[in-house]
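Visitor: Following this message is one structure expressed as structure tokens.
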Amino acid sequence: MNVGLMHERWRGLTVGLVLNVTFVAFEALAIATIMPLVADDLGGISLYGWVFSAFLLADLVGIVVAGELADRFGPALPFGAGLALFAVGLLIGGLAPSMPVLVAARAVQGFGAGAIPAVAYVVISRTYPDSLRPRMFAILSTAWVVPGIAGPALAAFVADHIGWRSVFLGLLPLVIVAGSLALRELRSVPGNPDRVARRVLLDAVRVAAGAGLALAGLQARDIVLSPGLVAIGLVLGVPALRNLLPAGTFRARGPLPAAVLSRGILTFAFFAADVFVPLTVTTIRGESVVLSALALTGGTIAWTTGAWIQERTVFRVGTAPLVRNGFLL
17 MNVGLMHERW RGLTVGLVLN VTFVAFEALA IATIMPLVAD DLGGISLYGW VFSAFLLADL
77 VGIVVAGELA DRFGPALPFG AGLALFAVGL LIGGLAPSMP VLVAARAVQG FGAGAIPAVA
137 YVVISRTYPD SLRPRMFAIL STAWVVPGIA GPALAAFVAD HIGWRSVFLG LLPLVIVAGS
197 LALRELRSVP GNPDRVARRV LLDAVRVAAG AGLALAGLQA RDIVLSPGLV AIGLVLGVPA
257 LRNLLPAGTF RARGPLPAAV LSRGILTFAF FAADVFVPLT VTTIRGESVV LSALALTGGT
317 IAWTTGAWIQ ERTVFRVGTA PLVRNGFLL
């Protein structure tokens, strides 16, 4: 942070937004780290993937809903609602007696977590002067770095010495304090009630529902039910996803569509594997959850290093070699 962003006019908002995004990032990485312990305690290993899928599908809907509400009615309402849902999800998750309850809690968390960065970006564009916006966007991006490096190890330590439920419940007071700090500053940011709402909410819900049905179909062990659910999910979700993405994305036609498609494939591959790294390390290799945390930290450091290299070489070597080498790695 610099003097401009920490000026008394922006200090509370800057600190509040950064802390909230940091806690959302920490929670995401912490849950991935401790999930082998959770599954061992609660059972329901067949729902292991749904703990993450439920969060991300609800996150998509939360981003769209919060963005629309922030544009029309100001950021305080969607931010407060998202913060409350995120906190409720943490509470339910920390007290969950079974894996299905944990999956439901993660869906609630995801809806709330989607609202926090969505509102943050709206607020930055409306509140900060042009000279400070790039710096604030950069700081929000780096808010994932510290949780990525320290979060898995800290979560593993807490889960090993106190219990995995403490990872959920321990975040509650921190989220409430950070959220209150930001919410106080957000009340003064106006909305635009005359703005015409975009027809994206239904598409977001259809994408989430379609993806959920397709995933359920892939897990079903019925020769009729499985392909049926997958087909319904694709019919429901693919056209809606096409509406949400830039035209030509599925065919990589044009620079922006190609970039969106490439980023989507890379993100899917990286985080889909990342989710199961702790389970592989602890269950198949028989190692501790602390070692699995180090594996996640290594991935985060590599991701950050790659972004750093890209930023400093893109104008010298061009985008094509960087993208090609990134896919190869």
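When you read off a place in the sequence shown, starting at 1, and then add 16, the result is the number in the working numbering.
Note that beta-carbon positions come from the ideal geometry of N, C-alpha and C, so glycine has one too.
Who are the Cβ neighbours of L261 in its own chain at under 7 angstroms, not counting the five residues just before and after it?
Guide: Taken in chain order, the residues that qualify are V276.
Visitor: How many whole angstroms separate the CB atoms of V305 and D219, which I take to be in contact at a CB cut-off of 8 angstroms?
Guide: That belief does not hold up - the Cβ atoms of V305 and D219 are roughly 39 angstroms apart, past 8 angstroms.
Visitor: Using the three-state DSSP reduction, which class does V193 fall into: helix, strand or coil?
Guide: The answer is helix: DSSP assigns V193 an H, G or I state.
Visitor: Going by C-alpha to C-alpha distance, which of V291, V183 and F95 sits closest to A194?
Guide: Residue F95 is the option with its Cα nearest to A194.
Visitor: Could you tell me which of A74, L107 and L148 sits nearest to V223, measuring between CA atoms?
Guide: V223 has its Cα closest to that of A74, out of A74, L107 and L148.
Visitor: So the alpha helix (DSSP H) Y144 belongs to, where does it begin and stop?
Guide: From DSSP, Y144 is part of no alpha helix (DSSP H); its letter is neither H nor E.
Visitor: Considering only the alpha carbon of each residue, which of F343, A309 and D56 lies closest to S278?
Guide: Considering only alpha carbons, the answer is F343.
Visitor: For E201, which of helix, strand or coil comes out of DSSP?
Guide: The answer is helix: DSSP assigns E201 an H, G or I state.
Visitor: Quick check: the Cα distance between A172 and A309, rounded to an integer number of angstroms?
Guide: Their Cα atoms are separated by approximately 7 angstroms.
Visitor: Can you list, in chain order, the residues of its chain whose CB lies under 7 angstroms from that of L229, leaving out five sequence neighbours each side?
Guide: Excluding sequence neighbours, L229 sits near L245, I248, G249 and L252.
Visitor: Which residues bound the alpha helix (DSSP H) around T49?
Guide: R27 to L58 is the span of the alpha helix (DSSP H), which, as asked, contains T49.
Visitor: From the DSSP output, in three-state form, read off E84 for me.
Guide: Three-state result, E84: helix.
Visitor: Leaving aside the five residues before and after R332 along the sequence, list all residues of the same chain whose C-beta is less than 8 angstroms from its C-beta, in chain order.
Guide: Cβ neighbours of R332 beyond the five flanking positions: none.
Visitor: For I50 versus V183, is the C-beta distance shorter than 7 angstroms?
Guide: Contact: yes.
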